[in-house]
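*Asks:* Under the working numbering, the residues of the sequence shown are numbered 520 to 586, in order.
Each residue gets a CB set at the ideal place from its N, CA and C atoms; glycine is no exception.
Here the structure is a predicted model, which is why all the values come from computation and not from measurement.
Mind having a look at this structure? Questions to follow.
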Amino acid sequence: MLKAVIVVLMLAVIVSLFSGLFFLIKDGGKTNRVVNSLAVRVTLSVLLLAVILVALWQGALTLNPTP
Numbered sequence: 520m521l522k523a524v525i526v527v528l529m530l531a532v533i534v535s536l537f538s539g540l541f542f543l544i545k546d547g548g549k550t551n552r553v554v555n556s557l558a559v560r561v562t563l564s565v566l567l568l569a570v571i572l573v574a575l576w577q578g579a580l581t582l583n584p585t586p
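This is the structure we're talking about:
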């Protein structure tokens, strides 16, 4: 379940990235949609980082051991 949440958040960040690109090309930077897309992307990235750090702290995720 945790890995599914991480994948969904990563996909949401990628969708936000491409929507910002679309808004930049379509609007030419004249509206605030690019800035809003950036804000959404930053928020999703911070949330993704927080989920990963909490999962590591609780032991739900483990780091890959060195060979």
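#1: Assign phenylalanine 541 to one of two classes, buried (16 or more other C-beta atoms within 10 Å of its C-beta) or exposed (fewer than that).
#2: Thinking C-alpha only, which one of Gly547, Val570, Leu528, Thr585 is nearest arginine 560?
#3: Around the Cβ of valine 565, are there at least 16 other Cβ atoms within 10 angstroms (buried) or fewer (exposed)?
#4: Sort Ile525, Arg552, Val526 by Cα distance to serine 538 and report the nearest one.
#5: Which residues bound the alpha helix (DSSP H) around alanine 579?
*Replies:* Put simply:
#1: Exposed, by the Cβ-count rule.
#2: Ranking the options by Cα distance to arginine 560, first place goes to Leu528.
#3: Note on valine 565: under 16 other CB atoms within 10 angstroms of its CB, so exposed under the neighbour-count rule.
#4: The shortest CA-to-CA distance from serine 538 to any of Ile525, Arg552, Val526 is the one to Arg552.
#5: From DSSP, alanine 579 is part of no alpha helix (DSSP H); its letter is neither H nor E.
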